[in-house]
Structure formats: structure tokens, C-alpha cells
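Below: the structure, in C-alpha cells.
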Amino acid sequence: MHNLLSSLLVLLFVSGCTMIPKYERPTAPVPAQLPGIAPNPDAVRNAVDLPWRNFVRDDKLRQLIELSLEHNRDLQLAALNAESVREFYNIQRAELYPSVYATGSAARQKSSQYFLLPGQDRRGNTFQANLGLLSWEIDLFGKLRSLSESALQEYFATEETRRGAQIMLISSVANAYLGLAAENESLQLAEDTLQSQQEALDLVSKQFEQGLVTELDLKRAQIPRDSARVDVAHYGRRVEQAKNALQFLLGCAIPTELMPETLSKLPKTAELAPELNSEVLLQRPDIIAAEHRLLSALANIGAARAAFFPNISLTSTIGLASTQLSDLFSSDSGTWLFAPQLALPIFDARVWAAHRVSKTQQKLALTQYERAIQNAFRETADSLALCESIGVQVQAQEALVEAVTQAYDLARVRYETGIDNYLSVLDAQRSMFAAQQGLIVMKLAEHSSYWQLYSVLGGGGE
Numbered sequence: 006m007h008n009l010l011s012s013l014l015v016l017l018f019v020s021g022c023t024m025i026p027k028y029e030r031p032t033a034p035v036p037a038q039l040p041g042i043a044p045n046p047d048a049v050r051n052a053v054d055l056p057w058r059n060f061v062r063d064d065k066l067r068q069l070i071e072l073s074l075e076h077n078r079d080l081q082l083a084a085l086n087a088e089s090v091r092e093f094y095n096i097q098r099a100e101l102y103p104s105v106y107a108t109g110s111a112a113r114q115k116s117s118q119y120f121l122l123p124g125q126d127r128r129g130n131t132f133q134a135n136l137g138l139l140s141w142e143i144d145l146f147g148k149l150r151s152l153s154e155s156a157l158q159e160y161f162a163t164e165e166t167r168r169g170a171q172i173m174l175i176s177s178v179a180n181a182y183l184g185l186a187a188e189n190e191s192l193q194l195a196e197d198t199l200q201s202q203q204e205a206l207d208l209v210s211k212q213f214e215q216g217l218v219t220e221l222d223l224k225r226a227q228i229p230r231d232s233a234r235v236d237v238a239h240y241g242r243r244v245e246q247a248k249n250a251l252q253f254l255l256g257c258a259i260p261t262e263l264m265p266e267t268l269s270k271l272p273k274t275a276e277l278a279p280e281l282n283s284e285v286l287l288q289r290p291d292i293i294a295a296e297h298r299l300l301s302a303l304a305n306i307g308a309a310r311a312a313f314f315p316n317i318s319l320t321s322t323i324g325l326a327s328t329q330l331s332d333l334f335s336s337d338s339g340t341w342l343f344a345p346q347l348a349l350p351i352f353d354a355r356v357w358a359a360h361r362v363s364k365t366q367q368k369l370a371l372t373q374y375e376r377a378i379q380n381a382f383r384e385t386a387d388s389l390a391l392c393e394s395i396g397v398q399v400q401a402q403e404a405l406v407e408a409v410t411q412a413y414d415l416a417r418v419r420y421e422t423g424i425d426n427y428l429s430v431l432d433a434q435r436s437m438f439a440a441q442q443g444l445i446v447m448k449l450a451e452h453s454s455y456w457q458l459y460s461v462l463g464g465g466g467e
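The numbering used here runs 5 ahead of the 1-based position in the sequence shown.
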């Protein structure tokens, strides 16, 4: 018995070994440096280290993001999925340890007379109480530990996926909020334009009644007024659609007091000056998740390798048995069972196929990991390019708005003094409205570019 216990202890000691291949992080298949922008020494260097609450400087937006983190259904699904995978890991880890069970039974039976000795009672009782291990597999070659490691890495991956979903949600809420503010400003511009065109039409109508202008001038003055009415209806619809989009992301109704104003009144976010080394991309949750899935695939290779070696399982019970309940706990009622089992695969095509599948899955996970890095590099490079150019575009658009506004004022003066007809006023008015709308679009792109850079660099943590 002493030798048996010693052997079991040795088996338990060596069962800590696994056949998982050694992991070395693959070289990132992207340039070592990201395309640069001129850094601001006062800007934050690392987006991952900047909590989203500090990045946001708009209190209304901050409160809306809080609501979305509490009520958004997609984020809840991601959290539930991570919880489910975590429980699966707990199940897999439990396979490493013996399952101890206790049973108790009582039976009364009647036997055939033909199976009994002369004078033996045909009726009898049986009472049993047992405590034991049920088919405990001793993880001698690390198969169970490899499977447990695989499940653990899958859990880590889903947890990073949940974090990525949170980052995406925060960025989406911010962009929806900015979009609603931009639509509000476009609607206000359309309403101001309608009022201006109505006043111009009223003036031309009086001039027509006095015989100072032709009917053609009157009809031409009606055109921008009616066009402005169309724009008011158009942007009114877009405002409602933007509200619906924001409400969907929040997962609840938008509090009236948290509705955004126009885009030009919103504060900008904290400024970022990211490190230009491409290794910063490895902090993104999607890349971390892909790496964990690669580690999970490597662990599955270890489990597949261990399947080629003997499988040792143990069933053991100790208990009590008696034909009389009063004798069940007596010293002579003890029973025990010790049943080790060894299974050695000699020829099993499934084991070889499973090993090939595990290696293919590892190659697949490696390719997905490298692709995730390449995608992150592209997204970050695009975002940096946008941040570098959007400021120049906004300045140019502001200069354009100023120029066409002056042209419109001059056209009105020339028309009112009789130098030009109303057609020149119409052309100048259309150019001014288009330039003003273009400026709103540019400012929206500028605000959104900050959020895009923050999210592609992995920002959005607590």
C-alpha cells in the first residue's frame, strides 16, 4: 500500500508537465514606425493610459456615455459572452481534480428458490454507504492542463473582445452625439437661410408691386425661398434620425437636458500626441485578443500531442455494506474498491487527425493575429493622416466661407443699386450656403478625427 501511494505521488508530481509548444511572439508584419505628426509637448502621449472620462471635456457627452455603458445591449451581450467562456474555463479546470461522491442505498429483494441453498431465506435486505472517486484521469502527460490553458486563453480573448466592444461603444456614442450636434447646426443654418430668403422675397414683392422689377425677378426670388424650405424639412428629418441613432446606442431614452447644442459650441477633447513606434498597436484589445487565441491554439496542440500517450484513470471507493441496518456501521461492514485503468492508443486515426487539425488551427490563429496587426496599422495610419490634414482643411473652408459671404453681400448691393439682376444674387447665395454646410461637415470631421485616433490607439479604458 505504501508503494502504491508513493507511485501516485510521483504521478501527481510529473503531471504538472505539458507538451504545449514554446511561444515566441511573432514579428509584427508592419513597418516599425507609424507615419508621424508634429507632436504637442502638452498633449497626452499614450491613449491607453488616458481614461475616457479625462479625454471627454463635454459633461453632457460624459453622462451619455455613462448611460450607454449601463444600458447598451451589445455591450451586455459581450459581457455575458465573456462570463460564459469564463465558466467553461472553470469546468475545464475542474477536470484536473478528482470528483468525490458519496452514495447511500437500501434495498429489499426476493430471490428465486432455485438460486438459494436449502433453508436460506428468499427475502433479504442490503444497506450500503460509499465515498469514492469516479474515473479520475491522472494528467500524466498534460492533456487536461493543456485543455485548461486553452480555455483560459479563450476567456482572456473574450474579455479583451468585451473591452474592445466598450471602446467601440464609447467612440460610437461620441460620434453619434457629434453627428446630432452637426445636424442641429445644419438645421439652424437652413432655418436662418429660410428667414433671410423670405425677407428678400418680401422686398422683391414690394418692388414688383411698385413696378421696379420684372415678374422674372419675382419668380427668381421665390426659388431660394422654396429651396430653403426644402432644406429645413430635410435637415429636420436628419436631426430626428440622428436622435434615433444616439438613442439606439444608449439603450434608453435621451434625457432632454443632455441633448447637444450646435457643433460650434462643443468643446474639443484632450489632445493626443501618440508614440510613433508601431509597438503601441499591441495594446489594442483586438490584437491582444488575437494573441490570446494564438496561445489557445498552441495549448490545443499540446493536448493533441498528449493524446498519443497512455491515459491513466482511477476509480476508487470506500464504504460500508450490511444486510442489517444495525450492522452497517460495525467494524466488519467495511468495503473498498481500487480500480486503476490504463488506455494506450495503438492505432487511432482520430488522434492523428486531431493533431493535424490543431496545427492548422494554430496557423490560422497566427494569420489572424498578423492580419489584426496589419489592420490596426492601416487604421492608425489613416487616422494620423486625417489628424494631420483636417486642421488645414478647416482653415481653408473658413476662408472660403468668408470669401463667398463677402461675394454675396456685394451681389446684393449691386442688385439693389440696379447694376446686376437677381440671378447674380442667387448664384452667390447658393455658393454661400454650400460653403457654410461644407464648413459644418469639416468641423464634424475634425471632432470625429480626435475620437478616431483615440479609439484606434486602444483608448477608452476606465
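We treat Cβ as the ideally placed atom computed from N, Cα and C, and that holds for glycine.
### Query
Hey, how far is the Cα of residue 25 from the Cα of residue 268?
The residue you call residue 25 lines up with position 20 of the sequence shown. The residue you call residue 268 lines up with position 263 of the sequence shown. Each residue's alpha carbon lies about 55 Å from the other.
#### Entry: Boundaries (first-last residue) of the beta strand (DSSP E) holding residue 419
Numbered from its first residue, the sequence shown carries residue 419 at position 414. Segment 354-421 is the alpha helix (DSSP H) holding residue 419; no beta strand (DSSP E) there.
### Option in 371, 201 and 114 with minimal Cα separation from residue 30
Against the sequence shown, residue 30 aligns to sequence position 25. Of the listed residues, the one whose Cα sits closest to residue 30 is 371.
### Query
Taking DSSP as the reference, what is the three-state secondary structure of residue 438?
Numbered from its first residue, the sequence shown carries residue 438 at position 433. In this structure, residue 438 counts as helix in the three-state DSSP scheme.
### Query
Just curious, the alpha helix (DSSP H) that residue 83 is in, first and last residue?
The count along the sequence shown starts at 1 and reaches residue 83 at position 78. Unbroken alpha helix (DSSP H) run through residue 83: 78-99.
### Task
Starting from residue 105, follow the alpha helix (DSSP H) in both directions and report where the run begins and ends.
To locate residue 105, count along the sequence shown from 1; it is residue 100. That residue, residue 105, is in no alpha helix (DSSP H); its beta strand (DSSP E) goes 105-115.
### Query
Can you tell which of 134, 310, 115 and 139 has the C-alpha that lies nearest to the C-alpha of residue 343?
Here residue 343 refers to the residue found at position 338 of the sequence shown. Ranking the options by Cα distance to residue 343, first place goes to 139.
### Query
Which residues in the same chain as residue 399 place their Cβ atom closer than 7 Å to its Cβ, once the five residues preceding and following it in sequence are excluded?
Looking up residue 399 in the sequence shown gives position 394. Cβ within range, chain order: 447, 448 and 451.
### Message
Checking 8 Å against the spacing of the C-beta atoms, do residue 271 and residue 68 come in under that value?
### Response
The sequence position of residue 271 within the sequence shown is 266, counting from 1. The sequence position of residue 68 within the sequence shown is 63, counting from 1. Not closer than 8 Å, so no.
### Message
I'd like the span of the alpha helix (DSSP H) that includes residue 169, first residue to last.
### Response
As a first step, residue 169 must be located in the sequence shown, where it is residue number 164. Looking at the DSSP string, the run of the alpha helix (DSSP H) that includes residue 169 is 148-214.
#### Entry: Straight-line gap, residue 203 to residue 197 (C-alpha atoms, nearest Å)
For the purposes of this step, residue 203 is identified with residue 198 of the sequence shown, where counting begins at 1. For the purposes of this step, residue 197 is identified with residue 192 of the sequence shown, where counting begins at 1. One C-alpha to the other measures close to 10 Å.
### Task
Just confirm the distance between the C-beta atoms of residue 308 and residue 80, as a whole number of angstroms; I'd bet it's less than 8 Å.
Along the sequence shown, one-based indexing puts residue 308 at 303. Along the sequence shown, one-based indexing puts residue 80 at 75. Between residue 80 and residue 308 the Cβ distance is about 33 Å, and since that is not below 8 Å, they are no contact.
### Task
Count the other C-beta atoms from every protein chain shown that fall within 10 angstroms of the C-beta of residue 189, then say buried if there are 16 or more, exposed otherwise.
Counting from one through the sequence shown, the residue named residue 189 turns up at place 184. Buried is the call here.
### Message
Could you give the first and the last residue of the continuous alpha helix (DSSP H) run that contains residue 241?
### Response
The residue you call residue 241 lines up with position 236 of the sequence shown. Where residue 241 is concerned, the enclosing alpha helix (DSSP H) stretches over 220-255.
### Query
Are the beta-carbon atoms of residue 247 and residue 184 separated by less than 8 Å?
Working through the sequence shown from its first residue, we reach residue 247 at position 242. Working through the sequence shown from its first residue, we reach residue 184 at position 179. Yes, these two residues count as a Cβ contact at 8 Å.
### Message
Quick check: residue 96 and residue 465, are their CB atoms within less than 8 Å of each other?
### Response
In the sequence shown, residue 96 corresponds to position 91, counting from 1. In the sequence shown, residue 465 corresponds to position 460, counting from 1. Taking 8 Å as the Cβ cut-off, residue 96 and residue 465 do not qualify as a contacting pair.
#### Entry: Nearest candidate by alpha-carbon position, reference residue 411, set 39, 252, 441 and 110
Working through the sequence shown from its first residue, we reach residue 411 at position 406. Of 39, 252, 441 and 110, the smallest CA-CA separation from residue 411 is found for 441.
#### Entry: Selection from 133, 87 and 90 that minimises the alpha carbon distance to residue 107
The residue given as residue 107 occupies position 102 in the sequence shown. It is 133 whose Cα lies nearest to the Cα of residue 107.
### Query
Relative to the alpha-carbon of residue 83, which residue among 55, 145, 102 and 168 has its alpha-carbon at the smallest distance?
The residue given as residue 83 occupies position 78 in the sequence shown. When each option's Cα is compared against that of residue 83, the closest is 168.
### Message
The alpha helix (DSSP H) that contains residue 426, what's its start and end?
### Response
Within the sequence shown, numbered from 1, the residue matching residue 426 stands at position 421. Careful: residue 426 lies outside any alpha helix (DSSP H) and carries neither H nor E.
### Task
Count the CB pairs spanning the segment 222-231 and the segment 429-444 that are closer than 8 Å, and state whether there are at least three.
The segment 222-231, when compared against the segment 429-444, does touch it at the 8 Å Cβ threshold.
### Query
Who are the near neighbours of residue 438 in its chain, counting only those whose CB is closer than 7 Å to its CB and skipping five residues on each side?
The residue given as residue 438 occupies position 433 in the sequence shown. For residue 438, where only same-chain residues beyond five positions count, the Cβ hits under 7 Å are 198.
#### Entry: Residue range of the unbroken alpha helix (DSSP H) whose run includes residue 526
This structure cannot settle anything about residue 526, because the visible part of the chain is limited to 6 through 467.
#### Entry: Contact check, residue 323 vs residue 341, beta carbons under 8 Å
For the purposes of this step, residue 323 is taken as the residue at position 318 of the sequence shown. For the purposes of this step, residue 341 is taken as the residue at position 336 of the sequence shown. Result yes, Cβ atoms of residue 323 and residue 341 sit closer than 8 Å.
### Query
How is residue 9 classed by DSSP in three states: helix, strand or coil?
On the sequence shown, position 4 is the one that residue 9 refers to. Residue confidence is low: residue 9 scores 48 on pLDDT, short of 50, so the model does not pin down where it sits. Its coordinate-derived value is still stated next. In this structure, residue 9 counts as helix in the three-state DSSP scheme.
### Task
Tell me whether the beta-carbon of residue 157 lies closer than 8 Å to the beta-carbon of residue 240.
If you number the sequence shown from 1, residue 157 lands on position 152. If you number the sequence shown from 1, residue 240 lands on position 235. Not in contact: residue 157 and residue 240 (Cβ atoms no closer than 8 Å).
### Message
Does residue 302 come out as helix, strand or coil in the three-state DSSP assignment?
### Response
One-based indexing of the sequence shown puts residue 302 at position 297. Three-state DSSP puts residue 302 in a helix.
### Query
Expressed to the nearest angstrom, what Euclidean distance is found between the alpha-carbon atoms of residue 177 and residue 386?
Working through the sequence shown from its first residue, we reach residue 177 at position 172. Working through the sequence shown from its first residue, we reach residue 386 at position 381. Each residue's alpha carbon lies about 20 Å from the other.
### Task
For residue 5, count neighbouring Cβ atoms within 10 angstroms of its own Cβ and tell me buried if that reaches 16, exposed if not.
Since the first residue shown for the chain is 6 and the last is 467, residue 5 is missing from the structure and cannot be characterised.
### Query
Rounded to a whole number of angstroms, what is the C-alpha to C-alpha distance between residue 320 and residue 147?
As a working mapping, residue 320 is identified with position 315 in the sequence shown. As a working mapping, residue 147 is identified with position 142 in the sequence shown. If you take the alpha carbons of residue 320 and residue 147, they lie about 20 Å apart.
### Task
Use the C-beta contact count for residue 457: other C-beta atoms within 10 angstroms, 16 or more gives buried, fewer gives exposed.
Within the sequence shown, numbered from 1, the residue matching residue 457 stands at position 452. So residue 457 ends up on the buried side.
### Query
Do residue 66 and residue 182 have their CB atoms nearer than 8 Å?
Walking along the sequence shown from the start, residue 66 turns up at place 61. Walking along the sequence shown from the start, residue 182 turns up at place 177. Yes, Cβ-Cβ distance for residue 66 and residue 182 is below 8 Å.
### Task
Could you check what DSSP says for residue 323 in three-state terms: helix, strand or coil?
Taking the first residue of the sequence shown as 1, we reach residue 323 at position 318. In the structure shown, residue 323 sits in a strand (DSSP, three-state: E or B).
### Query
What separation, rounded to the nearest whole angstrom, lies between the Cα atoms of residue 282 and residue 77?
By one-based count along the sequence shown, residue 282 stands at place 277. By one-based count along the sequence shown, residue 77 stands at place 72. Whole-angstrom Cα-Cα distance: 34 Å.
### Query
Ordered along the chain, which non-local residues of its own chain (more than five positions away) have a Cβ less than 8 Å from that of residue 374?
Locating residue 374 in the sequence shown gives position 369, where the first residue counts as 1. Correct list, in chain order: 31, 292, 295, 296, 298 and 299.
#### Entry: Nearest residue (CA-CA) to residue 302, options 348, 346, 154 and 233
For this step, residue 302 is matched to residue 297 along the sequence shown. With distances taken between Cα atoms, residue 302 lies closest to 154.
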